[in-house]
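So the sequence shown is numbered by this note's numbering: it starts at 1028 and just counts up by one.
Note that CB positions come from ideal geometry on N, CA and C, so glycine has one too.
Please read all numbers here as calculations on a predicted model, not as lab measurements.
Data block below; observations after.
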Amino acid sequence: MLALRKGRYSARFAESEEDLARAQRLRYLAFIENRGGMREDGRDADAFDPRCRHVLVEEVRTGTLVCCFRLMPLRGADIAQSYSAQYYELSALQSFDGPMVEMGRFCIHPAHHDPDILRVAWGAMTAYVDTEGVEMLFGCSSFEGTESDSYLDAFAMLKDRHLAPKRWLPRVKAPDVFRFARVLRRRKPDAKRAMLAMPPLLRTYLVMGGWVSDHAVVDRDLNTLHVFTGLEIRAIPPARARLLRGVAL
């Protein structure tokens, strides 16, 4: 049972259909309405939701839902059942023999910018990883919009420093992709511009030793570019792991 409280925020698993509906409404706000889209039911829901555990981060005083994400436990042999496998050819990961979890639909309420929200979310994730003995965390990390020009330095940095090991490298599956490792092979990134353009969730993966695919998928339905992101838990630097566990306790 997940129950974590730090300062102004607490994290817990969704426990009811209403909890799930709240998460779906926040996802709709963050992924659709906030990007100029509209759906009649006001929810972001899909066929993967029933197979996942959903984590809610709430403001303690008001009960406001400020962040949510979902977790799908898998083994390498089941990688084709993941959300990410819709967009990436992941057969290389079938040979990963430890417990895995896909983290998806991560979002923070657009009106809330407190960095402690992200810290509590990662603390909750760390508690789950430790409790379940997870050895790899993965998912899709999104850049807002579908035009790559604003993110060339960020993609060049990913190409230079953070590509997946060859044994795990995802292959192209989606029909519309930006092959940044190939297109930007001669570009040297401006580190400051790269980090400013890097989404906060992806930035956190990277400082923990995470890696990415060599291409980004253009997802016009959600108006994003996203990269497959993996993190082998044993690769997390010890000092970073101690910080995360300090939040999770």
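- Restricting attention to Pro1264, Leu1185 and His1253, the CA atom closest to the CA of Tyr1110 is found in His1253.
- Within the model, the alpha-carbon separation for Gln1121 versus Thr1089 is close to 44 Å.
- Here the C-alpha atom of Ala1243 lies approximately 11 Å from the C-alpha atom of Arg1198.
- Counting along the chain, Val1156 sits inside no beta strand (DSSP E); it lies in the alpha helix (DSSP H) bounded by residues Pro1142 to Glu1159.
- In the three-state DSSP reduction, Ala1243 falls in the strand class (E or B).
- Cβ-Cβ distances below 7 Å link Leu1233 to His1189 in the same chain, with the five nearest sequence neighbours on each side left out; the list follows chain order.
- DSSP places Val1254 in the uninterrupted beta strand (DSSP E) bounded by Thr1251 to Glu1259.
- With a threshold of 16 other beta carbon atoms within 10 Å, His1140 falls short and is exposed.
- Look at Ala1038 here: in three-state DSSP terms it is strand.
- Setting aside the 5 residues that flank it on each side, Phe1058 is surrounded in the same chain by Asp1071 and Leu1249, each with a C-beta closer than 6 Å to its C-beta; the list follows chain order.
- Excluding residues up to 5 positions away in sequence, Val1239 lie with their Cβ nearer than 6 Å to the Cβ of Leu1185 in the same chain.
- Burial is judged here by how many other beta carbons sit within 10 angstroms of a residue's own beta carbon; Ala1112 has at least 16 and is buried.
- Contact between His1081 and Asp1105 is absent: CB atoms are separated by about 19 Å, not below the 8 Å threshold.
- When the beta-carbon positions are compared, Leu1053 and Leu1101 stay at least 8 Å from each other.
- Taking Ala1201 as reference, the option from Pro1264, Glu1116 and Ala1266 with the minimal CA-CA separation is Glu1116.
- Check the Cα spacing between Cys1095 and each of Phe1075, Ala1151 and Phe1255: the tightest is with Ala1151.
- The C-beta distance from Asp1217 to Asp1187 rounds to 12 Å, too long to meet the 8 Å contact threshold.
- The C-beta of Gly1069 has fewer than 16 other C-beta atoms within 10 Å across all chains shown, which makes the residue exposed.
- Beta bridge pairing from DSSP links Leu1164 with Val1128 and Leu1258.
- The C-alpha of Arg1062 is placed about 37 Å away from the C-alpha of Gly1125.
- Exposure of Glu1174 is indicated by the presence of fewer than 16 other C-beta atoms within 10 angstroms of its C-beta.
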